[in-house]
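A.B. asks: One structure, as structure tokens, below. Some questions next.
Residue numbers (our numbering): 1 to 473.
Here it is in structure tokens:
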């Protein structure tokens, strides 16, 4: 039994011992319970844990209408000492979403959280989570598990779509059972629509509708109430297909992203976007925004066309140099390393990705080598299949890219000659619904990432271990 599972069992045992009532089977498996859905102004989605530090945690939730919300929380070792967030009324202007901060937490402690709406408890049992221990620079890091996925398409009756009958939403339940520390959403987390219904996707109301619809999916609630959640976007939760800086509703997209996610930060003062950095144990997560400043990939006659833009590139470079983490996981919605053009019998397809912005990518890759930045690897989605890429580099360590997609959208129907991609690690190419599991483990002198990609029911599709030593550490 893993240390994580032992810890979970101890937390839940302590919860029961301290009088947490009606701990149901789903809580034992995933750390969540379903909300009671009876009253007007009830809970619509969540609560979902967002950005955390060893001493604080943010929770996001959404109600059906305007109502008064507060969270009560306590250390399981001191159940008599209850803390309360201020009463906050959810507002129509914010789609009745709420971000609540839990403060005065103790590092490495287990907490229970009880949700009160209009003064009434609306969950059958508290959400239970554990704060991260304070990380000691240069010391032994705690084991940690990251999950990742992209392309989460849900079906909407508003556009004449019926719910799928193939069990594809089961993947959310499977992912929730992983008992991970964090879930990284790699883009296409909702799918904006331009359908023929009375509510169109490409206006402010339609875009908000897609978030509301997806976030309230019953099958998604167990996952929302499990690990903490970190997100970036790609084209379908930014705008129409393959947009960039020209998108006329980009500011609306950004406002909605901030409304429905709870990242540590979004961009910089004077430099908008969803890019930022977060940390889980000794893994720094660099969250890139590949949309807000992106040129069209087919733009010609412009040798310096960009995917990230000079401001974001400079932020990334400085942030990498400041990092003390053994692993620096750079997350992007579209691919980073490959130049491969997929071809079939009657077709050819050059996918979206950094390969279409040659000067910007090559400049960054050269900078990585010149500055001897160690421990870097990439994580991306978008492709509707999974694979592991490895790019050898002269006189330095190789670069890896983990590709995981899709969660619930349709898998690629034809992979053409993708199996001949010279960067492909043998045995890692699969076109099935999937998610990624990254487990950081090992003693300080032998840290490693145990990477696996799994299917809808948790079945192993491929696995590969990447050591800190292999990445130059």
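We put the CB at the ideal spot given by N, CA and C, even for glycine.
Give the C-beta separation of residue 47 and residue 60 to the nearest angstrom, bearing in mind that I take them to be a contact with Cβ-Cβ under 8 Å.
C.D. replies: Indexing the chain shown from 1 puts residue 47 at position 47. Indexing the chain shown from 1 puts residue 60 at position 60. With 8 Å as the limit, residue 47 and residue 60 qualify as a contact, their Cβ atoms being about 7 Å apart.
A.B. asks: May I have a chain-ordered list of the alpha helix (DSSP H) segments no shorter than 4 residues that lie completely inside the stretch 289 to 376?
C.D. replies: You should have 310 to 322 and 358 to 370.
A.B. asks: Determine the direct distance from the alpha carbon of residue 111 to that of residue 463, and round the result to whole angstroms.
C.D. replies: The sequence position of residue 463 within the chain shown is 463, counting from 1. The sequence position of residue 111 within the chain shown is 111, counting from 1. In a straight line, the C-alpha of residue 463 is about 33 Å away from that of residue 111.
A.B. asks: Would you decide whether residue 349 is buried or exposed? Buried here means 16 or more other CB atoms lie within 10 Å of its CB.
C.D. replies: Translated into positions along the chain shown, residue 349 becomes position 349. Under this definition residue 349 is an exposed residue.
A.B. asks: Below 6 Å CB to CB, which residues in the same chain sit around residue 475 once its five sequence neighbours on both sides are set aside?
C.D. replies: The question about residue 475 has no answer, for the chain in this structure spans 1 to 473.
A.B. asks: Quick one: what does DSSP say residue 465 is sitting in, helix, strand or coil?
C.D. replies: Along the chain shown, one-based indexing puts residue 465 at 465. Three-state DSSP puts residue 465 in a strand.
A.B. asks: To test your reading of the DSSP string, which unbroken beta strand (DSSP E) runs of 3 or more residues are found completely within the stretch 109 to 186?
C.D. replies: List check, beta strand (DSSP E) in window: 110 to 117, 127 to 130, 144 to 149 and 182 to 185.
A.B. asks: State whether the stretch 199 to 217 contacts the stretch 153 to 170, with contact taken as three or more CB pairs (one from each stretch) at a distance under 8 Å.
C.D. replies: At 8 Å Cβ cutoff, the stretches touch.
A.B. asks: Taking the C-alpha atoms as reference points, what is the distance between residue 177 and residue 189?
C.D. replies: Taking the chain shown and counting its residues from 1, the one referred to as residue 177 is at position 177. Taking the chain shown and counting its residues from 1, the one referred to as residue 189 is at position 189. Those two C-alpha atoms are separated by around 20 Å.
A.B. asks: Can you look up residue 408 in the DSSP assignment and give me helix, strand or coil?
C.D. replies: Within the chain shown, the letter at position 408 stands for residue 408. Residue 408: coil per DSSP, three-state reduction.
A.B. asks: Measuring alpha carbon to alpha carbon, tell me which of 408, 405, 375 and 416 ends up nearest residue 396.
C.D. replies: For this step, residue 396 is matched to residue 396 along the chain shown. Per the Cα distances, 375.
A.B. asks: Provide the residue span of the beta strand (DSSP E) that contains residue 389, from first to last.
C.D. replies: What you label residue 389 is simply residue 389 of the chain shown in a count that begins at 1. It spans 387 to 391 - the beta strand (DSSP E) in which residue 389 sits, taken as one unbroken run.
A.B. asks: Classify residue 57 as helix, strand or coil using the three-state DSSP reduction.
C.D. replies: On the chain shown, residue 57 is found 57 positions in, with the first residue counted as 1. DSSP places residue 57 in strand when its eight states are reduced to three.
A.B. asks: Under the rule that 16 or more other beta-carbon atoms within 10 Å means buried, what is residue 93, buried or exposed?
C.D. replies: Here residue 93 corresponds to residue number 93 of the chain shown, with the count starting at 1. Result: exposed.
A.B. asks: Quick one: what does DSSP say residue 94 is sitting in, helix, strand or coil?
C.D. replies: The count along the chain shown starts at 1 and reaches residue 94 at position 94. Helix, per DSSP.
A.B. asks: Name, in chain order, the residues that DSSP records as bridge partners for residue 230.
C.D. replies: Here residue 230 is taken as the residue at index 230 of the chain shown, counted from 1. Residue 230 pairs with 184.
A.B. asks: Would you report the Cα separation of residue 450 and residue 146, rounded to the nearest angstrom?
C.D. replies: Here residue 450 refers to the residue found at position 450 when the chain shown is read from its first residue. Here residue 146 refers to the residue found at position 146 when the chain shown is read from its first residue. If you take the alpha carbons of residue 450 and residue 146, they lie about 10 Å apart.
A.B. asks: Give the range of the beta strand (DSSP E) segment to which residue 449 is assigned.
C.D. replies: In the chain shown, the residue the question calls residue 449 occupies position 449. Start and end: 448 to 454.
A.B. asks: Please identify the residue among 471, 309 and 115 whose C-alpha is closest to the C-alpha of residue 400.
C.D. replies: For the purposes of this step, residue 400 is taken as residue 400 along the chain shown, with counting starting at 1. The shortest Cα separation from residue 400 among 471, 309 and 115 belongs to 471.
A.B. asks: Have a look at residue 100 and residue 301 and give me their C-alpha separation to the nearest angstrom.
C.D. replies: Working through the chain shown from its first residue, we reach residue 100 at position 100. Working through the chain shown from its first residue, we reach residue 301 at position 301. Between residue 100 and residue 301, the C-alpha separation is close to 48 Å.
A.B. asks: So, is residue 406 buried or exposed, given that buried needs 16 or more other C-beta atoms within 10 angstroms?
C.D. replies: For the purposes of this step, residue 406 is identified with residue 406 of the chain shown, where counting begins at 1. Classification for residue 406: buried.
A.B. asks: Specify the secondary structure class of residue 269 as computed by DSSP and reduced to three states.
C.D. replies: Counting from 1 along the chain shown, the entry for residue 269 is found at position 269. In the structure shown, residue 269 sits in coil (DSSP, three-state: anything other than H, G, I, E or B).
A.B. asks: The ligand SAM heavy atoms versus the CB of residue 396: any closer than 7 Å?
C.D. replies: Absent from the structure shown: the ligand SAM. Ligands present: none.
A.B. asks: Could you have a look at residue 457 and say whether DSSP puts it in helix, strand or coil?
C.D. replies: Here residue 457 refers to the residue found at position 457 when the chain shown is read from its first residue. Residue 457: coil per DSSP, three-state reduction.
A.B. asks: Taking the runs of the beta strand (DSSP E) that are 3 residues or longer, which of them lie wholly in the stretch 204 to 268?
C.D. replies: If we require 3 residues or more, the beta strand (DSSP E) runs fully inside the stretch 204 to 268 come out as 228 to 231.
A.B. asks: Whole angstroms is fine: what's the gap from residue 33's alpha carbon to residue 62's?
C.D. replies: Taking the chain shown and counting its residues from 1, the one referred to as residue 33 is at position 33. Taking the chain shown and counting its residues from 1, the one referred to as residue 62 is at position 62. In this predicted model, residue 33 has a pLDDT of only 34, less than 50, meaning its place in the structure is not dependable enough to derive any value.
A.B. asks: When we look at the beta-carbon of residue 303 and count the other beta-carbons within 10 Å, is it buried (16 or more) or exposed?
C.D. replies: By 1-based counting over the chain shown, the position of residue 303 is 303. Exposed, by the Cβ-count rule.
A.B. asks: Out of curiosity, what's the CA-to-CA distance linking residue 345 and residue 174?
C.D. replies: Taking the chain shown and counting its residues from 1, the one referred to as residue 345 is at position 345. Taking the chain shown and counting its residues from 1, the one referred to as residue 174 is at position 174. Their backbone Cα atoms lie some 36 Å apart in a straight line.
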